[in-house]
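Here's the structure, in structure tokens; my notes come after.
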Amino acid sequence: MKLIFLVLGMLPLLAQAADTSTKINVSSCEVCHGKNGVGKNEFPRLGGQEPAYFVKQLQDFRAGTRSNPMMQSVAKSMSEADMAQYAAYFSKLPLPAAKASTEDAALLAEGESLAKNGDWPKGIPACFQCHGENGQGISRDFPQITGQPARYTAAQIANWKSGSRSNDAIGLMKTVSDKLTDGQIKAVSAYLSQGVTK
Amino acid sequence: MKIAILLFLVATSAFAAEEKTFTPPAERDIPKNEFGDAVRLGKSIFTDTQHFAKKYVGNGLNCSNCHLDSGRMADSAPLWGAYVRYPAYRAKTKQVNTFEERLQGCFEYSMNGTAPKSGTPELTALVSYAYWMSTGAPVNTKLKGAGFPKLNKPELAPDYARGQKVFTANCQICHGSNGEGIKVAGKFAFPPLWGKESFNWGAGLHRIDTAAGFIKGNMPLAKGGTLTDQESWDVATFVMSHDRPADPRAKTGIAAAKKDFHEENCKYGETVEGHVLGE
């Protein structure tokens with residue numbers, strides 16, 4: 002009986018092994034990015050991410066046009082085919098279920114308004130205008146932003162603002178980030194971290 | 010001394026004449042009553058026309074694709090700019106039209122669909138939304154920021170090939186390499202600029218001068234004002250040199266419709282890349 006459970010328990014692993022005959026090693030990603038690439042703290046969520054965006058980021062790390070010592074080293078060890086396989090694997094993992102942020106309601110309401118309506122009098126479009134209806138991501142240039150850890154999102158916006166990240170298409174995120182106040186960054190990062198909400 | 014005072018007066022009166030852009034009421038101030046319900050429905054139709062006014066729409070667009078920030082934004086033909094200017098005589102229809110009739114025109118041309126009849130819930134909701142948004146605005150006035158900005162004629166004649174380069178560098182990431190837009194889960198996340206899912210040849214934005222003004226003021230989204238006037242004219246020329254749904258007014262052929270409706274600022278009826286536009 003115990004043996005049956007053991008074998009059943011191993012089935013997903015066996016299936017995974019069959020799917021990925023080459024050398025992708027998801028568990029090494031999960032050390033930092035969490036089980037199923039769910040993301041935590043400053044490590045972004047990989048699960049459900051747009052595969053074309055995923056590959057482009059790895060290419061940019063490899064080329065040095067996106068900077069992060071750990072990821073630049075990881076990307077240098079990867080072939081194009083590896084990148085595509087990791088992207089395909091993580092993109093198929095489901096989006097996170099909505100989970101409430103512990104931030105206060107007024108801050109989350111401000112974040113929700115920025116995500117859905119933007120702040121056009123300041124020239125800030127809604128996040129969801131370009132990242133999809135629920136921020137689920139659209140294409141290589143417009144990734145999934147919902148379900149990302151608040152610390153990750155806030156850090157990226159700060160990086161665009163300072164210029165230390167500059168691999169955005171036609172400078173769009175630089176333009177938007179420059180206009181966001183610290184309070185707005187905190188609000189929108191907290192709201193987006195809650196995952197897909199309708 | 011007198012001259013100094015005079016100059017001071019001129020300067021201050023010029024300053025006083027500097028008109029502020031109208032600010033529509035905040036969304037949270039929509040009243041919580043039956044009228045407010047109509048306003049909210051109007052906003053829903055405006056931002057998700059595909060869903061809330063589906064039966065009147067014949068393409069892939071929503072009103073808010075061109076009227077940004079849910080119809081609130083100055084220089085992207087805001088609802089508050091339009092509402093206070095009707096009824097008005099329009100050269101397009103050669104008669105005095107009410108605001109409701111103006112909205113019907115949007116459905117016929119920009120949405121390439123069928124105009125909802127007066128008294129339908131959809132049309133009443135849209136009028137209610139525009140009326141509420143214009144709270145406090147003076148009627149029969151051209152407000153600052155109404156319509157799309159007018160650009161001066163460019164130095165060089167607008168050019169398709171230069172426009173194509175501007176398009177590839179700035180527009181393609183959202184609108185696609187063939188102007189087809191980008192769809193996610195069957196809905197357009199970025200609107201199509203030409204082709205059968207876009208506005209038809211009767212919509213105002215197909216005019217190159219109008220499109221150039223819109224582009225200069227608002228495109229790429231969040232980066233309005235960054236293209237030069239010349240680039241805006243060139244890219245508008247490129248975009249409006251592609252085919253789109255037929256002009257519903259062209260009852261007796263393209264040549265007649267070109268003469269009647271498309272004499273200026275427009276490529277309708279011309280041969281571009283071996284194809285007669287409007288066919």
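Chain order of the listed sequences is A and B.
Those letters in the first sequence? Residues 2 to 199, by the numbering used here.
Those letters in the second sequence? Residues 10 to 288, by the numbering used here.
Glycine included, C-beta positions come from ideal geometry on N, C-alpha and C.
| Item | Value |
| --- | --- |
| Sequence ranges, alpha helix (DSSP H) only - wholly within the segment 118-182 of chain A, length at least 4 | 128-132, 151-163, 173-180 |
| Beta-carbon spacing of residue 136(B), residue 109(B) below 7 Å | yes |
| Beta carbon proximity, residue 133(A) to chain B, threshold 7 Å | yes |
| Beta-carbon contacts of residue 220(B) that lie in its chain and below 8 Å, excluding the five residues immediately before and after | 214, 245, 248, 249 |
| Delimiting residues of the alpha helix (DSSP H) encompassing residue 25(A) | Careful: residue 25(A) lies outside any alpha helix (DSSP H) and carries neither H nor E. |
| 7 Å Cβ cut-off: residues of chain B touching residue 126(A) | 230, 231 |
| Short-range partners of chain B found in the segment 144-161 of chain A, where Cβ spacing is below 8 Å | none |
| Option nearest residue 225(B) by Cα separation, candidates 231(B), 217(B), 238(B), 216(B) | 238(B) |
| Straight-line Cα distance separating residue 32(A) from residue 150(A) | 16 Å |
| Per DSSP, the bridge partner or partners of residue 99(B) | 104(B) |
| Separation of residue 67(B) from residue 22(A), as counted between CA atoms | Confidence in residue 22(A) is poor, its pLDDT being 48 and thus under 50, which makes the residue's placement too unreliable to answer from. |
| Any chain A beta carbon closer than 7 Å to residue 191(B) | yes |
| Chain B residues whose Cβ lies nearer than 7 Å to that of residue 176(A) | 231, 232 |
| Chain-order list of residues whose beta-carbon lies under 8 Å from that of residue 193(A) (same chain, five-residue window excluded) | 112, 116, 128, 136, 146, 147, 148, 149, 151, 154 |
| Within-7 Å CB hit, residue 142(A) to chain B | yes |
| Endpoints, the alpha helix (DSSP H) within which residue 174(B) is located | 169-179 |
| Chain A contact residues for residue 78(B), given Cβ-Cβ distances below 8 Å | 118, 119, 121 |
| Residue range of the alpha helix (DSSP H) that includes residue 191(B) | That residue, residue 191(B), is in no alpha helix (DSSP H); its beta strand (DSSP E) goes 191-193. |
| Interface residues of chain A facing residue 198(B) [CB-CB closer than 7 Å] | 133, 139 |
| Chain B contact for residue 170(A) (CB, 7 Å cutoff) | yes |
| Interface partners of residue 182(B) on chain A, CB under 9 Å | 140, 141, 142, 143, 170, 171, 173 |
| Proximal chain A residues relative to residue 82(B), where beta-carbon distance stays under 8 Å | 121 |
| Residues of its chain near residue 73(A), where Cβ-Cβ distance is below 6 Å and the 5 sequence neighbours each way are ignored | 62 |
| Within 8 Å of chain A by C-beta, residues of the segment 148-178 of chain B in sequence order | 178 |
| Within chain B, partners of residue 185(A) - CB distance below 8 Å | Going along chain B, no residue has its Cβ under 8 Å from residue 185(A), so there is no contact; the nearest lies around 14 Å. |
| Which of helix, strand or coil DSSP assigns to residue 196(B) | strand |
| Identity of the residues DSSP links to residue 41(A) by a beta bridge | 44(A) |
| Distance between beta carbons of residue 89(B) and residue 134(B), contact taken as under 8 Å | In fact, because the Cβ distance is near 16 Å, the residues do not count as touching under 8 Å. |
| Unbroken alpha helix (DSSP H) run spanning residue 210(B), endpoints | That residue, residue 210(B), is in no alpha helix (DSSP H); it is neither H nor E in DSSP. |
| Cβ-based burial, residue 37(B) [other Cβ within 10 Å; buried from 16] | exposed |
| Beta-ladder partner(s) of residue 285(B), from DSSP | 280(B) |
| Contact check, residue 89(A) vs residue 122(A), beta carbons under 7 Å | no |
| Coil, strand or helix - residue 50(A) by DSSP | coil |
| Local conformation of residue 5(B) per DSSP, three classes | One cannot answer for residue 5(B) here, as it falls past the ends of chain B, which runs 10 to 288. |
| Three or more C-beta pairs below 8 Å linking the segment 167-177 of chain A and the segment 264-275 of chain B | no |
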